[in-house]
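Each number in this note's numbering comes from the position in the sequence shown (counting from 1) with 91 added on. A short write-up of the structure that comes next.
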Amino acid sequence: MNKEFALIGASRAGVSLAYHLVKKGYRPAYCWNRNVKKYSLIRKYIEFDRFLGSLEKVEIPPRIVIIAVSDDAIKKIASRIALSWRKLDGVTAFHISGALSSDVLSLLAEKGANTGSFHPFVSIPDIETGIKRIPDTIFTCEGEVASFLQGIAKEIGKDGIIVTARQKAFLHVTAVFLSNYVVTMVSEIKDVLEKEGLTKVDLENLLLPMVKDAGGTALKRRFIEAITGPIVRQDEETIKKHLQLLSGNKRLKELYKVFGKITCEKIVDSGQENHLHSLFEAVKG
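Take a look at the structure:
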């Protein structure tokens with residue numbers, strides 16, 4: 092297969108992905124970005140044959156088109172390509188959004204393109220970090236070209252998992268919880284503890300092993316085997332004390348109560364509901 096590609100949208104994930112494609116012998120034919128001032132930054136990592144001033148100025152489409160714009164812009168970009176580029180027969184077009192399926196590229200499919208979605212299941216806060224993380228990353232591959240995308244994932248990353256559109260949507264929700272919201276929660280906890288006089292170094296030494304261990308244990312073991320803490324011990328007084336300590340931080344207090352309620356419910360679901368009624372009341376605060 093002809094390995095030339097176009098990168099449409101110079102996002103952090105898009106540039107990181109393109110960087111590794113080039114390392115594996117793919118030819119960087121075109122790059123388009125809404126803000127052309129970003130081209131100087133991209134050149135530090137990849138020298139495309141052409142940096143486009145206009146998305147419409149593509150006479151011969153490359154065999155691979157990577158759409159790496161924001162989720163809200165994907166359908167608009169696909170529409171512009173479908174209207175202005177020549178026939179897309181034989182072209183493989185995919186986006187790298189975690190939230191959307193290949194259905195958003197239906198206009199390209201109507202023009203003859205083979206479509207899919209290809210998402211790195213990892214957080215990419217900047218290009219340098221993205222380049223470092225891609226080789227150890229697992230990608231979700233969806234759409235009619237899922238098998239082809241899985242092959243690319245194995246070339247540049249750790250592996251690719253073929254998923255349905257619905258499975259992909261649930262995985263993205265999961266990523267928001269485990270990546271985005273965990274960051275929010277840990278940051279909020281750090282703020283509270285720093286106000287209590289603990290240093291950043293102390294917090295990293297204390298909390299990092301706990302965060303790593305909790306995630307690994309939860310994935311490898313059944314909930315009732317993995318969960319620990321005052322609710323499992325039926326320690327009502329400790330729960331009340333925790334809520335009192337958090338009285339000055341309404342956000343963390345509400346999180347504590349919500350997660351406490353879910354923990355109680357999951358213990359009940361596991362058939363281990365002995366004497367949990369008072370704990371349900373305790374976590375309500």
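Glycine residues also receive a C-beta, built at the ideal position from the N, C-alpha and C atoms.
From the DSSP output, in three-state form, read off residue i for me.
| i | result |
| --- | --- |
| VAL359 | helix |
| TYR136 | coil |
| ARG171 | helix |
| LEU112 | helix |
| GLU150 | coil |
| LEU179 | coil |
| ILE218 | helix |
| LEU337 | helix |
| VAL213 | coil |
| ASP326 | coil |
| THR290 | coil |
| PRO300 | helix |
| SER131 | helix |
Expressed to the nearest angstrom, what Euclidean distance is found between the alpha-carbon atoms of residue i and residue j?
| i | j | result |
| --- | --- | --- |
| LYS286 | GLY339 | 12 Å |
| VAL160 | ASP217 | 15 Å |
| SER107 | ILE222 | 5 Å |
| THR206 | THR183 | 6 Å |
| SER131 | ASP326 | 59 Å |
| LYS94 | GLU233 | 20 Å |
| HIS111 | HIS210 | 14 Å |
| TYR272 | ARG177 | 43 Å |
| VAL323 | GLN335 | 20 Å |
| GLU235 | GLY189 | 17 Å |
So what does residue i bridge to, in DSSP terms?
| i | result |
| --- | --- |
| VAL156 | ALA97 and ALA184 |
| TRP123 | ILE99 and LEU143 |
| PRO226 | Paired residue(s): none; PRO226 is not in a bridge. |
| GLU233 | SER208 |
| ARG118 | GLU95 |
Using a 10 Å radius around the Cβ and a threshold of 16 neighbouring Cβ atoms, would you call residue i buried or exposed?
| i | result |
| --- | --- |
| PHE261 | exposed |
| ALA97 | buried |
| ASN124 | buried |
| ILE315 | exposed |
| ALA104 | buried |
| LEU174 | exposed |
| ILE243 | buried |
| THR319 | exposed |
| ALA109 | buried |
| THR231 | buried |
Taking 8 Å as the threshold (beta carbon to beta carbon), is residue i in contact with chain C?
| i | result |
| --- | --- |
| GLU295 | The structure shown contains no chain C; it is built from a single protein chain. |
* Asked: Taking the runs of the beta strand (DSSP E) that are 3 residues or longer, which of them lie wholly in the region 236 to 286?
  -> Taken in chain order, the unbroken stretches of beta strand (DSSP E) that lie wholly in the region 236 to 286 and span 3 residues or more are 250 to 253.
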